[in-house]
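What follows is a single structure, written as structure tokens, with notes after it.
Number of protein chains: 2
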Amino acid sequence: MAAVDLTTHPGHLARRLQQAHYLLWNTMVSEEITSPQFAVLNALVAEPGLDQRTVGERVGLDRSTIAEVISRLGRRGLLDKVRDPQDGRRFLLRLTDDGVRTHRKLTVRTARMNQVFLAPLSDDEQSRFFELIRRVADAAEGLRNPAEPLVSPR
Amino acid sequence: MAAVDLTTHPGHLARRLQQAHYLLWNTMVSEEITSPQFAVLNALVAEPGLDQRTVGERVGLDRSTIAEVISRLGRRGLLDKVRDPQDGRRFLLRLTDDGVRTHRKLTVRTARMNQVFLAPLSDDEQSRFFELIRRVADAAEGLRNPAEPLVSPR
DNA sequence: CTGGAATACTCAGTGCACTGAGCAACGGAG
DNA sequence: CTCCGTTGCTCAGTGCACTGAGTATTCCAG
């Protein structure tokens, strides 16, 4: 006894949602490029020349994970990594032509997949869905990210 | 140009939601036991003596992942694994006293964490949140799981 | 009762995700 | 100009998650 109903546990639901998405992505979008990899390509289409850390911030990946994702994309020739002449710590990232092409192709497929994925919801429900998830995720991020206070932090 | 807004991509939102949850779990519930591990404990509290595959089904993990999770829980002495005398392929799983105690302790903390996690939403919004996610996840699962048809499949 | 399909599990390989520790480059205070 | 703290990145270690291939057991058809 004393077992709990996991369908009211947001963490469990989030995991199942992501698994479902992973599966659909693999069948409808690409088996080569994963969703986080696409997010990185997308960030670099929007802002070419970003450094590694900032890309990580944009797509929500920590320093270690983003390093691996980027190294994989680099190995496949989808992006270039150049040391910043202004700041020898940074690597500046830029998509190759192949990277841009890949991003364009996946954008179309991703849109199709999202449509299928969200088909069980009406348009109204879809916006609510986005909004609710975003609010929960943002709030939780704020909890661990002290979000520099307006007055002196120390 | 042609970059896409990831905040309307359910996959990206799901990933961010799970990350936020992971963080909160680590600080508010446990650094030793992860959320999937708790799900397995919970399944075995509800139905002691399940086999590995069925536990995986209950919590939504594939054969390989469930094997690893269970081996970790076994190493920590939270569950026992016995060959089924009726069917030599199966392992029957059962929590140890320590496993039951751990589950009880985490149940309380998990409830507290869920409350904090969902605090940005009103009660009404919380049920809508659950329902929307569940519907999308269930539908996507149904897509790849042909869900044995009523008439002969072949 | 025997041979083959189905089932439960294992193993190897890939990829995401985080932490903690370490290194090198930068940049400001003295 | 020299310390020293901060910052960008790497590396090692742990854990989740999936696929494809392989082993052993069971079960059913003939």
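Protein chains in written order, with the numbering used here: chain A, 950 to 1103; chain B, 950 to 1103. Just so you know, even glycine gets a beta-carbon here, dropped at the ideal spot from N, CA and C. Because the structure is a prediction, the values reported are computed rather than measured.
Contact between LEU1028 of chain B and LEU1042 of chain B holds: CB atoms are separated by about 6 Å, below the 8 Å threshold. For ARG1053 of chain B, the enclosing alpha helix (DSSP H) covers residues 1046-1067. In terms of CA proximity to GLU981 of chain A, A:THR1051 leads the group A:THR1051, A:PRO997 and A:ASN991.
Among the CB atoms of chain A, one or more fall inside 8 Å of the CB of ALA995 of chain B.
In this structure GLY960 of chain A is in contact with SER984 of chain B, their Cβ atoms being roughly 5 Å apart against a cut-off of 8 Å. In the assembly as shown, THR1059 of chain B is a buried residue. Its beta-carbon has 16 or more other beta-carbons within 10 Å.
Only buried fits VAL1085 of chain A, as 16 or more other CB atoms lie within 10 angstroms of its CB. For secondary structure counted as the alpha helix (DSSP H) over 4 or more consecutive residues, the stretch 993-1042 of chain B holds these complete runs in sequence order: 1001-1008 and 1012-1024. Taking 8 Å as the cut-off, the Cβ atoms of ALA952 of chain B and VAL994 of chain A count as close. Scanning its chain for C-beta atoms nearer than 8 Å, with the 5 sequence neighbours on each side dropped, one finds around LEU999 of chain A the residues ALA992, LEU993, ARG1007, LEU1041 and LEU1042, in chain order. DSSP places LEU966 of chain A in the helix class (H, G or I) of the three-state scheme.
Spatial neighbours of GLN1075 of chain B in its own chain (CB-CB distance under 6 Å, excluding positions within 5 residues in sequence) are listed in chain order as LEU1067.
Measuring C-alpha to C-alpha distances from LEU966 of chain B to each of A:GLN1064, A:LEU973, A:LEU1010 and A:ASN975 identifies A:LEU1010 as the nearest. Identification of chain A residues near ARG1077 of chain B by a Cβ-Cβ cut-off of 8 Å yields ARG1077 and LEU1081, ordered along the chain. If you draw a straight line from the Cα of THR1003 of chain B to the Cα of GLU1080 of chain A, it comes to about 35 Å. Of all residues in the stretch 1052-1073 of chain B, only HIS1052, ARG1053, THR1056, THR1059, ALA1060, MET1062, ASN1063, VAL1065, PHE1066, LEU1067, ALA1068, PRO1069 and LEU1070 place a beta-carbon less than 9 Å from a beta-carbon of chain A.
Residue-level contact by beta carbon fails for SER979 of chain B and chain A, as no gap is shorter than 8 Å.
The beta carbon of THR1045 of chain B does not come within 8 Å of any beta carbon belonging to chain A, so the residue lies off that interface. By the Cβ-count criterion, GLN986 of chain A is buried, with 16 or more other Cβ atoms from all chains shown falling within 10 Å of its own Cβ.
Here VAL1031 of chain B is exposed. Its C-beta has fewer than 16 other C-beta atoms within 10 Å.
Within the stretch 1011-1032 of chain A, no residue places its CB atom closer than 8 Å to a CB of chain B. Taking MET1062 of chain A as the centre and dropping the five residues before and after it, the same chain places the C-beta of LEU973, TRP974, MET977 and VAL978 closer than 7 Å to its C-beta, in chain order. Within the stretch 954-968 of chain B, the residues whose Cβ lies closer than 8 Å to any Cβ of chain A are, in chain order, LEU955, THR956, THR957, HIS958, PRO959, GLY960, HIS961, LEU962, ALA963, ARG964, ARG965, LEU966, GLN967 and GLN968.
GLN1001 of chain A counts as buried, since at least 16 other C-beta atoms from the protein chains shown sit within 10 angstroms of its C-beta. A straight-line Cα-Cα distance of about 29 Å links GLY1005 of chain B and GLU1017 of chain A. The beta carbons of HIS970 of chain A and ALA963 of chain B sit closer together than 8 Å. Residue-level contact by beta carbon holds for GLU1090 of chain A and chain B, with a gap shorter than 8 Å.
In terms of Cβ geometry, ARG1024 of chain B and ASP1033 of chain B do not form a close pair [threshold 8 Å].
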